[in-house]
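Residue numbers (the numbering used here): 37 to 104.
Beta carbons are placed, not taken as given, at the ideal position from N, Cα and C, and that holds for glycine.
Encoded as structure tokens, the structure appears first; notes follow it.
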């Protein structure tokens with residue numbers, strides 16, 4: 037996960053990093069209302085939608101955006 041996104045607040049944040057029993061890093065979201073983002077192009081598209089007056093919405097469990 038590169039970033040997480042909160043649809044209600046329309047903001048990004050870094051993942052929450054924890055470790056498993058073996059000490060391996062685990063990236064998680066802050067919880068309800070936060071969505072994991074793994075694709076830089078998706079992050080850029082969402083950002084362009086927010087700053088350009090477009091829309092971001094949830095459909096079938098996936099974030100979608102309209103662009104600028």
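With DSSP collapsed to three states, give me the class of residue i.
{"i": "residue 80", "result": "helix"}
{"i": "residue 74", "result": "coil"}
{"i": "residue 65", "result": "coil"}
Which two residues bound the contiguous beta strand (DSSP E) that contains residue i?
{"i": "residue 95", "result": "92–95"}
{"i": "residue 38", "result": "No beta strand (DSSP E) holds residue 38; DSSP gives it neither H nor E."}
{"i": "residue 49", "result": "47–49"}
{"i": "residue 53", "result": "52–55"}
What are the partner residues of residue i, as DSSP defines its beta bridges?
{"i": "residue 98", "result": "95"}
### Message
I want to know whether the segment 38–55 touches the segment 63–82 - three or more CB-CB distances under 8 Å.
### Response
yes
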